[in-house]
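Below you'll find the structure, written out as structure tokens, and then a few comments.
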Amino acid sequence: MYDPTVARLTYRALLGRRRALILGALPLLLIGISVVVRALAGADDQTASDLLGGLALATMVPIIGVIAGTGAIGPEIDDGSVVYLLSKPVKRPTIIFTKLIVAIAVTMVFSALPTFIAGFILNGNGQQIAVAYTVAALVASIAYAAIFLLLGTVSRHAVVFGLVYALVWEALFGSLVSGARTLSVQQWALAVAQKVAGGDLVTSDVTLPTATVLLAVVTVLATWYAGQKLRSLTLAGEE
Amino acid sequence: MAVEHPVAAQPGDQTRIHNIGYRSYDGPRLGRSYATRSLYSQSLRGAYGLGRSVKSKVLPMLLFVVMCVPAAIMVAVAVATKANDLPLDYTRYAIVMQAVISLYIASQAPQSVSRDLRFKTVPLYFSRPIETADYVRAKFAALASALFVLTAAPLLVLYVGALLAKLDFADQTKGFAQGLVSVALLSLLFAGIGLVIASVTPRRGFGIAAVIAVLTISYGAVSTLQAIAEVQDSTGAIAWIGLFSPVTLIDGVQSAFLGATSAFPGGVGPTNAEGAVYVLLTLGLIAASYGLLIRRYKKVGL
Numbered sequence: 001m002y003d004p005t006v007a008r009l010t011y012r013a014l015l016g017r018r019r020a021l022i023l024g025a026l027p028l029l030l031i032g033i034s035v036v037v038r039a040l041a042g043a044d045d046q047t048a049s050d051l052l053g054g055l056a057l058a059t060m061v062p063i064i065g066v067i068a069g070t071g072a073i074g075p076e077i078d079d080g081s082v083v084y085l086l087s088k089p090v091k092r093p094t095i096i097f098t099k100l101i102v103a104i105a106v107t108m109v110f111s112a113l114p115t116f117i118a119g120f121i122l123n124g125n126g127q128q129i130a131v132a133y134t135v136a137a138l139v140a141s142i143a144y145a146a147i148f149l150l151l152g153t154v155s156r157h158a159v160v161f162g163l164v165y166a167l168v169w170e171a172l173f174g175s176l177v178s179g180a181r182t183l184s185v186q187q188w189a190l191a192v193a194q195k196v197a198g199g200d201l202v203t204s205d206v207t208l209p210t211a212t213v214l215l216a217v218v219t220v221l222a223t224w225y226a227g228q229k230l231r232s233l234t235l236a237g238e239e
Numbered sequence: 001m002a003v004e005h006p007v008a009a010q011p012g013d014q015t016r017i018h019n020i021g022y023r024s025y026d027g028p029r030l031g032r033s034y035a036t037r038s039l040y041s042q043s044l045r046g047a048y049g050l051g052r053s054v055k056s057k058v059l060p061m062l063l064f065v066v067m068c069v070p071a072a073i074m075v076a077v078a079v080a081t082k083a084n085d086l087p088l089d090y091t092r093y094a095i096v097m098q099a100v101i102s103l104y105i106a107s108q109a110p111q112s113v114s115r116d117l118r119f120k121t122v123p124l125y126f127s128r129p130i131e132t133a134d135y136v137r138a139k140f141a142a143l144a145s146a147l148f149v150l151t152a153a154p155l156l157v158l159y160v161g162a163l164l165a166k167l168d169f170a171d172q173t174k175g176f177a178q179g180l181v182s183v184a185l186l187s188l189l190f191a192g193i194g195l196v197i198a199s200v201t202p203r204r205g206f207g208i209a210a211v212i213a214v215l216t217i218s219y220g221a222v223s224t225l226q227a228i229a230e231v232q233d234s235t236g237a238i239a240w241i242g243l244f245s246p247v248t249l250i251d252g253v254q255s256a257f258l259g260a261t262s263a264f265p266g267g268v269g270p271t272n273a274e275g276a277v278y279v280l281l282t283l284g285l286i287a288a289s290y291g292l293l294i295r296r297y298k299k300v301g302l
């Protein structure tokens, strides 16, 4: 199921040249802000929770997920070079699975790791907040990578649709319509974080069983369907 | 033909240049400004998908509708309830709808410049009588106009609705004018930032993500820091933190000089002196993005 060559190519496509710099800029910004906040405000659990929840989990993880998830397959389909990959004797679900692993790894490294570091800077893992949000970021990375990888195979405008989901659905509708929160990766990840933190600083609108089931179902379904889409991929011209 | 004939057969007598009637063009030449205007209007139409495929019309038109519908609803509510005032200030509207504006600029800025880079059509533009600066100006103006249309249209809806609801004319006109000025600044600023980022990468998808990351992450970071400063009672810092993201920059300018209520935590906008810094920084950023674009296109594709 895992093909090292495809993985290497995908890593190069995602992190090659200046892209790693831009992917790395966001985590650095998060860590920089936490240093500033720690220096200004001192260690405070509520502040740490707000910053990690509002900036890291709500904004940074989805955006890095979009870049890694769609970037793992989108550009290849876009410029047509995916045919060279598809013409090799590698199963297409294997290609998708490998790319998913790479996308998950990149999202985790660039979002969960800085979340952990930022959490430690902010309040030294008081009340397990750093660990809780790191776990949330890890879980969310898997689901986001799977969803956005699927979007990359479905549409040429995958990045836009991914961002619409992440910003408009999760942030805007999630804050207005409480029902939308049940269908939000962010809340599912928060449910897991709530379990880890145990306190009442991290809260989610979804219960843990629902969240884990939905996370697993969405991830598996998205990966399977992306494999199906790639099996029947037709290359169209530019718009 | 020369090859088929032996060399000895007196070439001088047989080779001729025939005049087959080619004529040079001596009609009017439309010139540089016409080419720039064409590029402008074509880019502006392209920003709304006009003259392109149906698929590429969907997103900009959808965002345009999403932008205008809340304004229409507000007007309907104001008319129905006979309110004395609109539920939302003209200047506030763009700040509230910033997610839509960010998505629009993120999707259309790369559309406007990245494809020229990727398909290497930039040298073709420069083989026409336009200069680097003309190309940059046309693209910049087109995207800023497209953004202005996007952000001013809902204000127009609000204004017309307010007049229909017989709200105070002078008051509404003043608010509308202030709203237009702030929206114009916002359009120029966002277009500049979007184009600078998009012109660096030939990959459209990557440009979209980079633009949205810059706009939303900076806003998220700034508003988080402001909220923390508010909790820590260091209200003096709030205004200075606001300088670091485009949306709060516009917010600061309009709450200092355009009579808007600030969206900053605590509702404390910048003072006049701080507001001057906001205005200077906004204009500086617009000028800087123009300069950067010129620099970028000096080298590109040649």
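From first to last, the protein sequence lines stand for chains P and G. Here the UniProt record's numbering is used: the first residue of the first sequence is 1, the next is one more, and so on. Here the UniProt record's numbering is used: the first residue of the second sequence is 1, the next is one more, and so on. Heads up, the beta-carbon is just placed ideally off N, CA and C, and yes, glycines get one too.
Cβ of residue i within 8 Å of any chain G Cβ
i: Gly60/P; result: Residue identity differs from the one stated: residue 60/P is Met in this sequence, not Gly. Yes, because at least one Cβ of chain G sits closer than 8 Å to the Cβ of Met60/P.
i: Asp45/P; result: no
i: Pro75/P; result: yes
i: Gly54/P; result: yes
i: Ala41/P; result: yes
i: Arg8/P; result: no
i: Leu29/P; result: yes
i: Asp50/P; result: yes
i: Gly71/P; result: yes
i: Val82/P; result: no
i: Leu190/P; result: no
i: Ile63/P; result: yes
Extent of the continuous alpha helix (DSSP H) to which residue i belongs
i: Asn125/P; result: Element bounds for Asn125/P: n/a, residue is neither H nor E.
i: Arg29/G; result: Note, Arg29/G: premise wrong, no alpha helix (DSSP H); not H, not E.
i: Asn272/G; result: 272-299
i: Thr203/P; result: Segment: none, Thr203/P is in no alpha helix (DSSP H) and carries neither H nor E.
i: Glu76/P; result: 61-79
i: Val213/P; result: 208-231
i: Thr182/P; result: 178-182
i: Trp240/G; result: 235-241
i: Phe173/P; result: No alpha helix (DSSP H) holds Phe173/P; DSSP gives it neither H nor E.
i: Thr261/G; result: Careful: Thr261/G lies outside any alpha helix (DSSP H) and carries neither H nor E.
i: Pro70/G; result: 54-81
i: Phe110/P; result: Phe110/P -> no alpha helix (DSSP H), and no H or E assigned at all.
i: Glu230/G; result: 218-231
i: Ile95/G; result: 90-96
Residue i at chain P interface by Cβ criterion, 8 Å
i: Gly205/G; result: yes
i: Leu59/G; result: yes
i: Ser289/G; result: no
i: Thr216/G; result: yes
i: Ala2/G; result: Confidence at Ala2/G is low in this model, with a pLDDT of 48, below 50, so its placement is unreliable and the value that follows should be read with caution. False, the Cβ-Cβ gap to chain P never drops below 8 Å.
i: Leu50/G; result: no
i: Thr224/G; result: yes
i: Ile250/G; result: no
i: Gly27/G; result: no
i: Ala198/G; result: no
i: Ala71/G; result: no
i: Ile294/G; result: no
Coarse secondary structure for residue i, derived from DSSP in three states
i: Ser155/P; result: coil
i: Phe148/P; result: helix
i: Tyr11/P; result: helix
i: Lys120/G; result: coil
i: Pro4/P; result: helix
i: Gly51/G; result: coil
i: Arg18/P; result: coil
i: Lys99/P; result: helix
i: Pro129/G; result: coil
i: Leu167/P; result: helix
i: Val200/G; result: coil
i: Gly162/P; result: helix
i: Leu57/P; result: helix
i: Asp251/G; result: helix
Contacts that residue i makes with chain C (C-beta to C-beta distance below 8 Å)
i: Leu167/P; result: Looking at the structure shown, chain C is missing, and the protein chains on hand are P and G.
Can we say the segment 23-32 of chain P touches the segment 73-93 of chain P, given the rule of at least three CB pairs closer than 8 Å? no
Segment contact, 8 Å Cβ cut-off, at least three pairs: the segment 196-206 of chain G with the segment 105-114 of chain G: yes
Counting pairs of beta carbons, one from the segment 55-68 of chain P and one from the segment 115-135 of chain P, are three or more of them closer than 8 Å? yes
Does the segment 69-79 of chain G come into contact with the segment 150-161 of chain G, if we say contact requires no fewer than three beta-carbon pairs (one atom in each stretch) closer than 8 Å? yes
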